[in-house]
Every structure is written in C-alpha cells, then in structure tokens.
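Taking my numbering, the leading residue of the sequence shown gets 1279, the next gets one more, and so forth.
Just so it is clear, CB atoms sit at the ideal spot from N, CA and C, and this is done for glycine as well.
Keep in mind the model is a prediction, meaning the values are calculated, not measured.
Read the structure below first, then the notes.
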Amino acid sequence: MKKTALASLLLLALVACSKNEQTTQPAPVENKVAEQPATQPNPVADLPAAQSAPAAEPAPAPVAETPAVEPAPAPVAETAPAATATGCSFDLKGTDTMTYTDAAGKPVPEIVVPASCQDFTINFEHTGKMPKAAMGHNVVIAKSADVKAVSAAGVKAGVKGDYLQAGDPKVVAASKMVGGGEKTTVKVPVAKIKEGGYDFFCSFPGHEIKMHGKLTVK
Ligand code: ZN
1279 MKKTALASLL LLALVACSKN EQTTQPAPVE NKVAEQPATQ PNPVADLPAA QSAPAAEPAP
1339 APVAETPAVE PAPAPVAETA PAATATGCSF DLKGTDTMTY TDAAGKPVPE IVVPASCQDF
1399 TINFEHTGKM PKAAMGHNVV IAKSADVKAV SAAGVKAGVK GDYLQAGDPK VVAASKMVGG
1459 GEKTTVKVPV AKIKEGGYDF FCSFPGHEIK MHGKLTVK
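Structure, rendered in structure tokens:
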C-alpha cells in the first residue's frame, strides 16, 4: 500500500513537474491543477497530507534552463606571423589607434626582407584621419638597442623636426612624419641591416611602445 501510494505520488510529482515545465507562464492555474490530484490519494494512503505536500511542491523546481552558451572568444591575432615581403618592398599602414598593420589590417610584428634585395622600400600610408600633430606616424629604422635613444632624441627635436634628431647617426633610414590620409616611403639599404638586430618604429612621442617591429633579412 505504501509502495503504491509513494509510486502514485512520484508519478503525480512527475506529472506536475512535466506540466509545469511545459507551460510555466500560467503559474497560478498550473499550481492548482498540480495540487488537486496530489491531495486525492491522501485518504487512501497512510501518509499524512503534510508529507505528501513537500513531495509535490519541490517537483516544479527543476526548471530545465539551459545555461546561456558563452560566445567563444575570437582568437586574438597577437602572435601574427612575420610578414614576408614579396619583392623588395612592403606596404605598411598606420592607424589612428597607434598601430602598424599590413594591407589586410593585421599586426606587423616583423618584416622579412629578402637578402637578394639591394634596397628595400617600405611604402607607408597613414590610413587614419587624425592630423600629424596629434597622431603623426613615420617609419624609422635603427638597431633594436638604439630605439629608445633615437626616440628620446626625437622628442627633443619636437614636432618641427618630425620627432627625429637631424642627422642622428643611430638612424639607418627614416621616412618623413605623416598625418591621416598621407603617404610616404622609406628606402632601406639592405647591406646596412644584413647583420640583423634592426627594428622599424614610429618616433612620435610614446608611439614606439606599440608601433615597433623587427626588420629581418633572410
Ligand atoms: Zn606614430
């Protein structure tokens, strides 16, 4: 008797549960329906009403809520491969967000210069809109170890000197500084950088931290 009563209660609980799951919106009506059959077997069953009540009530609890699927984070292209130049030139872009990118908008951590080139030309375009005084960019080539010193000397040269000390012996090559929408080029004699350890960077105050990459001859 007890077993059948429990079984019927379980069944009712399941029915109540499934009913509540199917239609959760009309909650008050659904509860009444669920409670009525739950109290019916009480006279027959030995269990007191108080015990059957909690059996039916917690049933609606497991609302099958599927957890929100978190969108997979987009892979950050921080570890972009070195850009190998085709021929003896490379198209480099500068942005209003203080970054160098390639033609496709990807970061340029390194430019590989073919060893067969006598001169290597970097065609630089500032694709932003900001003026030179606020977001000027250039392309300076120097030894990695000299970048900080060249930048510091450039700050002293000021905006009039395009943030580059005139005749700085540490500078291998440098373009002029341009603002948004402007283009410039810099020609690098490959023999001078063949030994390795050279970088390209922007000498506008503070830009070198983000606008900085390796120039490798291979
Ligand atoms: Zn810059």
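- CA-to-CA, the gap between isoleucine 1419 and alanine 1452 works out to about 6 angstroms.
- Exclusion of glycine 1406 from the 7 angstroms shell around ligand 1 follows from its C-beta lying no nearer than that to any non-hydrogen atom of the ligand.
- Around valine 1386, the same chain offers Ala1358, Ala1361, Leu1370, Tyr1378, Thr1379, Asp1380 and Gly1491 as residues with beta carbons nearer than 8 angstroms, after the five sequence neighbours per side are excluded.
- A distance criterion of 7 angstroms places the beta-carbon of glycine 1445 beyond contact range of ligand 1, judged by its closest non-hydrogen atom.
- Taking 8 angstroms as the cut-off, the Cβ atoms of phenylalanine 1478 and glutamate 1486 do not count as close.
- At the C-beta level, isoleucine 1471 and leucine 1442 stay beyond 8 angstroms of one another.
- Under DSSP, histidine 1404 takes part in a beta bridge, and its partners are Gly1372.
- Inclusion of glycine 1414 in the 7 angstroms shell around ligand 1 follows from its C-beta lying nearer than that to a non-hydrogen atom of the ligand.
- Distance from the CA of alanine 1469 to the CA of phenylalanine 1402, rounded to the nearest whole angstrom, comes to 21 angstroms.
- Glycine 1484 and proline 1392 have their alpha carbons spaced roughly 30 angstroms apart.
- Following the DSSP letters along the chain, one finds valine 1425 inside the alpha helix (DSSP H) bounded by residues 1425 to 1435.
- A buried status is given to valine 1450, since no fewer than 16 other beta-carbon atoms sit within 10 Å of its beta-carbon.
- Boundaries of the alpha helix (DSSP H) harbouring isoleucine 1471: 1468 to 1471, taken from the DSSP string.
- Around the beta-carbon of glycine 1474, fewer than 16 other beta-carbon atoms lie within 10 Å, marking it exposed.
- Remark: the shortest separation between the CB of phenylalanine 1482 and any heavy atom of ligand 1 falls under 7 angstroms.
- Just so you know, the alpha carbons of threonine 1463 and lysine 1454 end up roughly 8 angstroms apart.
- In this chain, the alpha helix (DSSP H) harbouring lysine 1410 covers 1410 to 1413.
- In the three-state scheme derived from DSSP, where H, G and I count as helix and E and B as strand, lysine 1465 is classed as strand.
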